[in-house]
Amino acid sequence: MPPGGSARRAAVPLRRPRGVLVVSAACFVVLAAAALLGEVPAADVAVREALLGWGSPAVVAALRVVNVAGEWRALLPGVVLLLAVFPAARARWWIWVALMVAAPLAEGAVKELIARPRPEGSALGFPSGHATAAAAYFGAVAYLAGSLPRPLPVAVRLCALLAVVAVAVARVVLRAHWPSDALGGVALGLALASAAAMLASAQPAAGRGGDG
Numbered sequence: 029m030p031p032g033g034s035a036r037r038a039a040v041p042l043r044r045p046r047g048v049l050v051v052s053a054a055c056f057v058v059l060a061a062a063a064l065l066g067e068v069p070a071a072d073v074a075v076r077e078a079l080l081g082w083g084s085p086a087v088v089a090a091l092r093v094v095n096v097a098g099e100w101r102a103l104l105p106g107v108v109l110l111l112a113v114f115p116a117a118r119a120r121w122w123i124w125v126a127l128m129v130a131a132p133l134a135e136g137a138v139k140e141l142i143a144r145p146r147p148e149g150s151a152l153g154f155p156s157g158h159a160t161a162a163a164a165y166f167g168a169v170a171y172l173a174g175s176l177p178r179p180l181p182v183a184v185r186l187c188a189l190l191a192v193v194a195v196a197v198a199r200v201v202l203r204a205h206w207p208s209d210a211l212g213g214v215a216l217g218l219a220l221a222s223a224a225a226m227l228a229s230a231q232p233a234a235g236r237g238g239d240g
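Per our numbering, the sequence shown starts with residue 29, numbered consecutively.
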């Protein structure tokens, strides 16, 4: 009975996040298609202006700190922490390392394909690299949190969600991106994270099938 109970508890984080992949990929395709058209939607301009108006000096200073969560100086030690905290991540470490390598590669390739300029300057903007990396990393954290005892998964996933939203908002308030650039990065990062989670969850399932 205890071994069976342990197996059931271990199965919690192995739910296939197929729905997240479908929704995030669909959102990314829609946003990428809109960005490819060239014109900046009026909603993008309106949301950006609203967020910039909210950006007091104190808020901007705080968001500069938050912005680091989408940079490698934070994400590299973050990956090490991920592997240290979650045994499931260590067991298939190559999947999560590959995820964090794939995120900037995919984001860079899409930037070249879409070739949409940022709101200020001539650098390419869609999708936001910070938002992509943050969503990929914290998406992985949210998935792996399922292995933690309750009620920790809910708390960890809420913190992960807030971190992704904060990075996305920071990219707009810091005048680096249009809102749709940030949303596109979030969608791409979540799609990559959910694909990695599906791959990770499929491997133990195959092992259990062989034992039976």
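All C-beta atoms, glycine included, are put in the ideal place defined by N, C-alpha and C.
Going by CA-CA distance only, name the one from the options that's closest to residue i.
i    : options                   : result
L79  : A164, L202 and G212       : L202
A130 : L220, A62 and A151        : L220
I142 : S52, A102, L216 and L64   : L64
V184 : F114, A134, A60 and V75   : F114
M87  : G106, L218 and V200       : For the record, residue 87 in the displayed sequence is Val; it is not Met. With distances taken between Cα atoms, V87 lies closest to V200.
A53  : P177, A164, S175 and R178 : A164
W100 : D72, A74, P132 and E67    : P132
D209 : V58, A230 and V50         : V58
Just checking my contact of residue i with residue j at CB under 8 Å: how many whole Å lie between their CB atoms?
i    : j    : result
P155 : G213 : 4 Å
L211 : A196 : 7 Å
A117 : L111 : 5 Å
R120 : A204 : Not confirmed; about 34 Å, so no contact.
L127 : A168 : 6 Å
A60  : V138 : 7 Å
W124 : V108 : Going by Cβ atoms, the distance from W124 to V108 rounds to 11 Å, so no, they are not a contact pair.
T160 : G217 : 4 Å
Looking at the strands, I want to know which residues DSSP matches up with residue i.
i    : result
P245 : Residue 245 lies beyond the stretch modelled for the chain, which goes from 29 to 240, so this question has no answer here.
Between which residues of its own chain and residue i is the CB-CB distance below 7 Å, once the five residues before and five after are set aside?
i    : result
A191 : A97, A162 and F166
C55  : A215
P45  : Y171, S222, A225 and M226
R144 : A63, L152, G153 and F154
V94  : A194, V195 and A198
S34  : In this predicted model, S34 has a pLDDT of only 43, less than 50, meaning its place in the structure is not dependable enough to derive any value.
R76  : P147, V200, W206 and P207
V68  : W206
A134 : L216 and L220
L176 : V184
S89  : In the sequence under discussion, the amino acid at residue 89 is Ala, which differs from the Ser named in the question. Once the five neighbours on either side are set aside, A89 has no close Cβ partner at all.
Can you name, in chain order, every residue of its own chain whose Cβ lies under 6 Å from the Cβ of residue i, other than the five neighbours on each side?
i    : result
P147 : W206
G47  : none
V50  : none
Could you name the residues of the same chain whose beta carbon sits closer than 8 Å to that of residue i, not counting the 5 residues immediately before and after it, in chain order?
i    : result
G136 : G157
Inset, instruction - Mind listing, in chain order, the continuous alpha helix (DSSP H) runs of no fewer than 4 residues lying wholly within the segment 78-116? - result: 85-95 and 100-113
Legend entry - Inside the segment 170-236 only - alpha helix (DSSP H) runs reaching at least 4 residues: Fully enclosed alpha helix (DSSP H) runs of no fewer than 4 residues occupy 180-201 of the segment 170-236, in order along the chain.
Legend entry - 4-residue-minimum alpha helix (DSSP H) runs that sit fully inside the segment 46-80, ordered along the chain: 46-64
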